[in-house]
Amino acid sequence: GVASALPLWSRAVFAAERPTLPIPDLLTTDARNRIQLTIGAGQSTFGEKTATTWGYNGNLLGPAVKLQRGKAVTVDIYNQLTEETTLHWHGLEVPGEVDGGPQGIILPGGKRSVTLNVDQPAATCWFHPHQHGKTGRQVAMGLAGLVVIEDDEILKLMLPKQWGIDDVPVIVQDKKFNADGQIDYQLDVMTAAVGWFGDTLLTNGAIYPQHAAPRGWLRLRLLNGCNARSLNFATSDNRPLYVIASDGGLLPEPVKVSELPVLMGERFEVLVEVNDNKPFDLVTLPVSQMGMAIAPFDKPHPVMRIQPIAISASGALPDTLSSLPALPSLEGLTVRKLQLSMDPMLDMMGMQMLMEKYGDQAMAGMEHSQMMGHMGHGNMNHMNHGGKFDFHHANKINGQAFDMNKPMFAAAKGQYERWVISGVGDMMLHPFHIHGTQFRILSENGKPPAAHRAGWKDTVKVEGNVSEVLVKFNHDAPK
510 GVASALPLWS
520 RAVFAAERPT
530 LPIPDLLTTD
540 ARNRIQLTIG
550 AGQSTFGEKT
560 ATTWGYNGNL
570 LGPAVKLQRG
580 KAVTVDIYNQ
590 LTEETTLHWH
600 GLEVPGEVDG
610 GPQGIILPGG
620 KRSVTLNVDQ
630 PAATCWFHPH
640 QHGKTGRQVA
650 MGLAGLVVIE
660 DDEILKLMLP
670 KQWGIDDVPV
680 IVQDKKFNAD
690 GQIDYQLDVM
700 TAAVGWFGDT
710 LLTNGAIYPQ
720 HAAPRGWLRL
730 RLLNGCNARS
740 LNFATSDNRP
750 LYVIASDGGL
760 LPEPVKVSEL
770 PVLMGERFEV
780 LVEVNDNKPF
790 DLVTLPVSQM
800 GMAIAPFDKP
810 HPVMRIQPIA
820 ISASGALPDT
830 LSSLPALPSL
840 EGLTVRKLQL
850 SMDPMLDMMG
860 MQMLMEKYGD
870 QAMAGMEHSQ
880 MMGHMGHGNM
890 NHMNHGGKFD
900 FHHANKINGQ
910 AFDMNKPMFA
920 AAKGQYERWV
930 ISGVGDMMLH
940 PFHIHGTQFR
950 ILSENGKPPA
960 AHRAGWKDTV
970 KVEGNVSEVL
980 VKFNHDAPK
């Protein structure tokens with residue numbers, strides 16, 4: 510039959526129907542302008558096995574919370590887990606007390622209500638836990654949801670806007686499972702140094718799902734929801750992606766790319782043309798990040814299959830999208846220098862564990878200079894694995910570990926500052942995210958920002974070099 514003519518790897522795919530891409534519910538406010546989010550444990554099936562997972566209003570991940578610019582919303586958050594958590598609004602320009610950082614603790618069985626006064630342009634943001642010392646594990650267990658902000662300007666554009674049909678959320682995460690099929694999160698030397706990564710890729714919580722897309726323009730709201738893996742999106746047949754928005758909203762005009770690197774926590778909106786009957790895949794290409802080109806990520810890896818259907822969509826790709834304010838003069842601005850550093854011993858020990866476990870694959874795809882940067886810390890062969898590390902204080906800024914009860918400095922409200930963020934001396938990839946604001950990148954890792962990264966951002970790449978951002982805080986953040 511037909512199946513026998515297919516290459517071996519696609520036979521199983523052909524025989525077993527691929528899962529349909531799950532679409533998160535779009536959650537809007539009730540008549541009292543309130544939204545309810547309940548955090549709890551559930552069960553999810555991945556392939557043949559069922560795992561305990563955590564979710565917002567469900568078993569895994571969460572809804573997409575829809576917010577309107579200019580409207581206040583109160584969110585009632587109920588924690589039904591057996592441990593503390595917080596709920597951080599990643600990308601929202603809100604005061605510190607409702608931002609949901611490590612200080613905004615919700616006790617087990619507890620409730621917290623926050624009022625969000627939304628005053629920022631249309632954008633795709635997200636929410637996730639930010640419990641100090643436990644963020645990685647709580648996100649790994651499944652806690653993440655989208656925030657879709659709308660404003661009058663975006664509604665005037667003819668962008669695709671049928672949720673789940675031609676306007677599709679795409680949350681991409683890697684997971685590691687143990688032999689029993691449970692999510693396997695261990696905070697050890699390797700995880701602390703390199704980050705937690707897995708060999709299974711999930712898209713909206715499903716493995717290599719397919720989406721039936723009408724012909725025309727398909728809008729994908731991409732979120733890299735991985736703990737530590739940077740992604741590099743492309744299409745299997747090399748059709749271009751047109752980037753229309755970054756973390757904080759629309760770009761001035763679409764930017765055509767053949768591949769789109771996305772750091773952990775970043776969002777980009779892209780349009781892709783579905784103009785023929787040919788199915789194609791959204792894929793992630795191998796990246797030059799330590800440990801992240803280990804199989805199966807040493808080759809282009811499918812994220813989802815897009816299957817054209819015989820109806821037509823009505824969205825368009827406009828020539829111009831928004832007006833981005835010109836960068837103000839940098840004269841006389843407060844300049845803050847932030848030097849990122851990681852305990853060199855932890856870096857070395859993490860690398861040694863990685864090499865012992867994965868061999869040469871651990872360094873696959875990395876440039877020679879990156880590898881030498883890691884090797885410069887001393888002899889790898891005479892190190893003691895038994896040493897006890899305080900993983901929570903191994904990463905420092907200006908020589909200081911994070912202390913959530915002690916502000917490092919006070920930034921003046923409503924005034925631009927120039928932050929010079931250096932990763933010199935540390936070859937690790939450090940996506941640098943600032944809460945409560947959207948900034949502009951002046952230079953990224955020693956180079957001018959790419960066109961699609963020159964708009965509103967809340968995350969900048971720092972990897973062995975210096976990045977500069979122009980940042981302003983319009984909201985209070987009490988000590």
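With the sequence shown counted from 1, adding 509 to any position gets you the working numbering.
Where a beta carbon is used, it is the ideal one built from N, C-alpha and C, also for glycine.
Note that the structure is predicted; figures quoted are calculated from it, not measured.
Looking only at its own chain, which residues have a Cβ that is under 6 Å from the Cβ of residue i, when we skip the five neighbours before and after it?
| i | result |
| --- | --- |
| Gln798 | Ser739 and Leu938 |
| Lys981 | Tyr925 |
| Pro957 | none |
Taking a contact to mean a Cβ-Cβ separation below 9 Å, would you say residue i touches residue j in this structure?
| i | j | result |
| --- | --- | --- |
| Gly734 | Gly774 | yes |
| Ser931 | Lys846 | yes |
| Leu711 | Phe555 | yes |
| Thr529 | Ala715 | yes |
| His597 | Asp608 | yes |
| Gly824 | Leu791 | no |
| Val771 | Tyr751 | no |
| Asn983 | Glu602 | yes |
| Ile663 | Val627 | no |
| Leu727 | Asp785 | no |
| Gly690 | Leu570 | no |
| Asp693 | Phe806 | no |
| Val679 | Leu732 | yes |
| Val933 | Thr793 | no |
| Lys670 | Glu593 | no |
Taking just the CA atoms, how far does residue j sit from residue i?
| i | j | result |
| --- | --- | --- |
| Pro533 | Thr561 | 19 Å |
| Glu977 | Thr537 | 37 Å |
| Val812 | Val703 | 23 Å |
| Val975 | Arg646 | 29 Å |
| Gly859 | Ser850 | 15 Å |
| Arg748 | Pro718 | 20 Å |
| Ile614 | Leu979 | 30 Å |
| Ala581 | Ala721 | 35 Å |
| Gly955 | Ala632 | 27 Å |
| Trp928 | Gln552 | 43 Å |
| Leu576 | His599 | 14 Å |
| Lys684 | Glu840 | 46 Å |
| Glu926 | Leu842 | 6 Å |
| Leu855 | Gln612 | 27 Å |
| Asp746 | Lys808 | 15 Å |
| Leu616 | Met875 | 42 Å |
| Asn566 | Gly868 | 41 Å |
| Gly758 | Leu655 | 14 Å |
| Ser821 | Val574 | 27 Å |
| Lys558 | Ala688 | 10 Å |
| Ala804 | Gln870 | 8 Å |
| Pro853 | Ile753 | 40 Å |
| Val971 | Thr595 | 26 Å |
| Gln947 | Arg541 | 29 Å |
Restricting to Cα atoms, I'd like to know which of the options is closest to residue i.
| i | options | result |
| --- | --- | --- |
| His639 | Thr633, Ala649, Ala632 and Ile820 | Ala649 |
| Gly564 | Ala573, Lys575, Ala550 and Gln577 | Ala550 |
| Leu863 | Met699, Gln629 and Asp585 | Met699 |
| Glu835 | Pro630, Gln861, Pro761 and Asp869 | Note that residue 835 corresponds to Ala in the displayed sequence, not to Glu. Selected option, being the one with the closest Cα: Pro761. |
| Gln545 | Arg728, Leu535 and Ile663 | Leu535 |
| Val969 | Pro669, Ala960, Arg949 and Lys981 | Arg949 |
| Ser622 | Leu729, Gly725 and Thr583 | Thr583 |
| Val677 | Phe777, Thr624 and Tyr587 | Phe777 |
| Ala743 | Gln589, Leu769, Arg724 and Ala737 | Leu769 |
| Asp967 | Ala960, Ala802 and Phe941 | Phe941 |
| Lys620 | Glu865, Cys634, Asn736 and Thr547 | Thr547 |
| Met801 | Asn736, Ser831, Leu826 and Val783 | Asn736 |
| Asp828 | Pro604, Leu668 and Gln695 | Leu668 |
| Gly945 | Arg543, Cys634, Gly618 and Asn568 | Cys634 |
| Gln816 | Pro531, Phe789 and Ser838 | Phe789 |
Pull up the DSSP beta-bridge partners for residue i, would you.
| i | result |
| --- | --- |
| Val978 | Trp928 and Ile950 |
| Val627 | Answer is none; Val627 lacks a bridge partner. |
| His961 | Note: His961 sits in no beta bridge, so no partner. |
| Asn747 | In DSSP, Asn747 forms no bridge with anything. |
| Asn588 | Ile548 |
| Ile615 | Thr594 |
| Leu855 | The partner list for Leu855 (beta bridge, DSSP) is empty, contrary to what the question assumes. |
| Pro811 | Val792 |
| Leu732 | Ile680 and Arg776 |
| Ser821 | Arg724 |
Apart from the five residues just before and just after residue i, which ones in its own chain have a Cβ nearer than 7 Å to its Cβ?
| i | result |
| --- | --- |
| Asp660 | Arg578, Pro630 and Ala631 |
| Arg962 | Ser755, Ile950 and Glu953 |
| Leu833 | Pro761 and Gly964 |
| His637 | His597, His599, Val648, Leu652 and Ala653 |
Just to confirm my understanding: we take residue i, look at its own chain, exclude 5 residues before and 5 after, and list those with CB closer than 8 Å. What are they?
| i | result |
| --- | --- |
| Asp935 | Leu849, Ser850, Met851, Asp856, Gly882 and Gly973 |
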